[in-house]
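Here's the structure we're looking at; comments come further down.
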Amino acid sequence: MSTMTQSTDADGAAPVEAVTGPPVRPRRPARRRREEVEAAAASRGVNRWFVLAALFAFVLYSVGPVWWLIVAATKTKQQLYRTNGLWFADLNLVENLQALFTYQDAIYPRWLANTALYGLASSVGLTLVSLAAGYGLARYSYRGKGLTMGFVIGSFLIPGVLLTIPSYLLYVRLGIFDTVWAMIIPGFFSAFSVYLAKVYAQGAVPAELMEAARLDGAGEYRIFFQIGMRLLSTAGATIFLLHFVGTWNAFMGPLVFLRTAEKWPVMVGLYSWLQRGTDSQYDLTGLVITGALVASIPMVLLMISMQRYWKSGVTLGSLK
Amino acid sequence: MSIQSVAGRPRVPWRTAQKWKGASFTFPFIAGFALFTLVPVFLGLSETFYTTKSAGGLGLGGEEVVSFTGLAQIFTAAQDPTFWAGMGRVFGFGLVVVPLVQGIALVMALLLDALRRKVVGRFRLALLLPYMIPGMIATMIWLYLYSPAVGPLTAALDSIGLHVDFFSSGMVWVSMGNLVVWNTIGFNMLILYGSLQSVPGEIFDAARMDGAGDLRIAWSIKVPFVRASLVLTMLLSIIGTVQLFAEPTLFRTVAPETITRDFTPAMYIYDQAFMVGNINYATALSIVLALVVGVVSAVVYRATNKADEA
């Protein structure tokens, strides 16, 4: 696993280096030499044990709470309160899942489906819009381009909270308040994604290639859809992934823009259970815990399987 | 260059058409950006110029009267003690937690950097796990871990003689800070570890020749090398903490007495808009918040740039 991420790390960072100009190029041999030096240092006994022990403590801190969640999701309601939180009691996971997926006329699977729908639809739209805009900004020069870039960079500083209430007013006027469209269409437009696509396109789409395609008689749009999009697929995957994860986590937006419980994404739904759980007779704690575990599994799997994309997003983003 | 002459077509229209097509790639984004970012900003601004009052005087029955009050709402919002109390809380929180997260992440990155790359792979996934857990879920997990009824923490601390109420007004920031640290150090460690990898190895050889130890090398060579990326992530994180909403809202379900409904500026805005129903005022508060974020970003950016030059 580690070797895979290392090689892809380097390849994800390639366009960045192309943008920032000449970086430390002869890195490979230097790194190898450094490796030997480090290895020599690492074998110096005490230090090495100290480093390992400290890292091990960090690992416990990182993994412990997740472990607790997994264990808690397998317990019955009584055991949740009475048994040691860090070890299994009776395995009750299947019953808990059944309860979770059937409670309130199966509203939880509905929330999950909503979340997936909002995430997929808005991320696909966002990826297309951002790749096109980034490609246009990177590969053409025309009047007004500077202004567009100014707006893109300037809007990084607009805090999301500023837009929430005015967006609510706008959605009410547009008639998309409390509809699925409020969760999908506004998600198509993100200045940060355009910036990411632009930075990537500068390194990944050679002007010579476009010129050659023109000589062969391809139109500008055809060049984009047949050549540009393919060369930008890594950037596209990164934009898609970051936004998909973002919509999965979104809370304030859906809380403000959606009223009907059937349209909520899973995070707002779990929040409503958490809120109700504290003042109703029926204890929802078990449901929230199992629901939280189920809702994080897709994210963890996605993040692990697509490491190279969000990591390249990290390096691109840190250029900002 | 020769393309146009071969075709024998006039030069200007061909290039112009290409430029237009090039620009048109950005049109969908520009249209959407204008509608969903610029229009709301102006809508928000215009909304603050009006005050909505119920004309009936006696409660709910009366009609609503909207009157133009200019900048009055913004001035009221800018002087609102509740708003500034919330602002003080999130700023204090950000000033402690943001450097703390970066500090711990830096320690983790330096520790990883001291190991051979093969060993690093084993640790990295485990250390990144909290970052892969959605922030809302992370908050719920810690809410339960802190809870005296379900979580193991209170009992464990009791057994060593420490009686801690994680939701008391004194502890709630520590509890929330720990949760934010847990959720974000992995990601920041990744960025810092990445920039540590680009430190050229020759420098270490030279330093060792001069008799520098491991700690000295870490502090005097590695740390300065990653300072630029540190500054940037700190700036973005501070903007993030000023807008704190989800975590305190979830904490409020457990400790409504400590976490009041106007605990942070974002919570206050939400409360004014949807619980009190004063959209005009909520918008005015949003604008003041945006101004504060803008000023803080500018100040932090300038200060850190100067520090880098010095």
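Here the protein sequences come in this chain order: A and B. When you read off a place in the first sequence, starting at 1, and then add 10, the result is the number in the numbering used here. When you read off a place in the second sequence, starting at 1, and then add 174, the result is the number in the numbering used here. Idealized CB from N, CA, C, for every residue including glycine. Computed from a predicted structure; not experimentally measured.
Residue pairing by DSSP puts B/TYR224 in a beta bridge opposite B/PHE242. In its own chain, leaving out the 5 sequence neighbours on each side, no residue places its CB closer than 6 Å to the CB of A/MET313. The Cβ of B/GLY351 sits no closer than 8 Å to any Cβ of chain A. Residues of the same chain with a CB within less than 6 Å of the CB of A/THR244, apart from the 5 flanking positions on each side, do not exist. Counting every other CB atom within 10 Å of its CB across the protein chains shown gives B/PRO439 a total of 16 or more, marking it as buried.
If you draw a 10 Å sphere on the C-beta of B/PHE341, you find 16 or more other C-beta atoms in it, and that means buried.
In this structure, B/GLN253 sits away from B/THR407, with a CB-CB distance that is not shorter than 8 Å. With fewer than three CB-CB distances shorter than 8 Å, the segment 217-236 of chain A does not count as touching the segment 158-175 of chain A. In the DSSP annotation of this structure, A/TYR152 is not part of any alpha helix (DSSP H), being labelled neither H nor E. In this structure, the alpha-carbon of A/LEU167 lies about 43 Å from that of A/ASP115.
Those residues of the segment 361-395 of chain B placed with their C-beta closer than 7 Å to a C-beta in chain A are LEU364, ILE365, GLY368, SER372, PRO374, GLY375, GLU376, PHE378, ASP379 and ASP388, ordered along the chain.
Annotation for A/THR84: no alpha helix (DSSP H) segment contains it, and DSSP assigns it neither H nor E.
DSSP places A/PHE261 outside both helix and strand once states are collapsed to three, so it counts as coil.
Closest option to A/MET193, judged by alpha-carbon separation, among A/LEU252, A/ARG318, A/LYS321 and A/GLY135: A/GLY135. A Cβ of chain B is located within less than 8 Å of the beta carbon of A/ASN259. In the three-state scheme derived from DSSP, where H, G and I count as helix and E and B as strand, B/GLU421 is classed as helix. Separation of the CB atoms of B/ILE359 and B/ALA279 is rounded to 5 Å, and the pair is thereby assigned contact status at 8 Å.
The residues LEU284, in chain order, have a CB closer than 6 Å to that of B/ALA392 in the same chain once the five nearest residues on each side in sequence are set aside.
For B/ARG476, the secondary structure class from DSSP, reduced to helix, strand or coil, is helix.
CA-CA distance, A/GLN212 to B/PHE207, rounds to 22 Å. For A/GLY154, at least one C-beta of chain B is nearer than 8 Å to its own C-beta. If one requires a minimum length of 4 residues, the alpha helix (DSSP H) runs lying completely within the segment 380-405 of chain B are 388-391, in chain order. Judged by beta-carbon spacing, A/SER140 lies within the 8 Å limit of A/ILE249, meaning their Cβ atoms are closer than that value. Across the set A/ALA143, A/ASN259 and A/TRP258, the C-alpha of A/ALA143 shows the shortest separation from the C-alpha of A/PHE235. Residue-level contact by beta carbon fails for B/THR358 and chain A, as no gap is shorter than 8 Å.
Secondary structure at A/ARG269: coil, using DSSP grouped into helix, strand and coil. Close CB contacts of B/LEU303 within its chain, under the 8 Å cut and outside five residues either way in sequence, are with GLY360 (chain order). Of the other Cβ atoms in all chains shown, fewer than 16 fall within 10 Å of the Cβ of B/ALA472; this residue is therefore exposed. For A/TYR145, the chain B residues whose C-beta falls within less than 7 Å of its own C-beta are PHE199, listed in chain order. For A/ILE307, the enclosing alpha helix (DSSP H) stretches over residues 295-315. Separation of the CB atoms of A/ALA214 and A/LEU241 is rounded to 5 Å, and the pair is thereby assigned contact status at 8 Å. Contact check for B/TYR455 against B/ALA251 passes: the beta carbons are separated by less than 8 Å.
With a beta-carbon spacing of about 17 Å, B/GLN446 and B/LEU465 fall beyond the 8 Å limit used to define contacts. When rounded, the separation of the alpha-carbon atoms in A/TYR150 and A/MET239 is 15 Å. Counting only runs of at least 4 residues, the segment 152-240 of chain A fully encloses the following alpha helix (DSSP H) elements, listed from N- to C-terminal order: 155-164, 170-184, 191-194, 201-214, 217-225 and 230-233. At a cut-off of 8 Å, the C-beta of A/PRO169 has a neighbouring C-beta in chain B.
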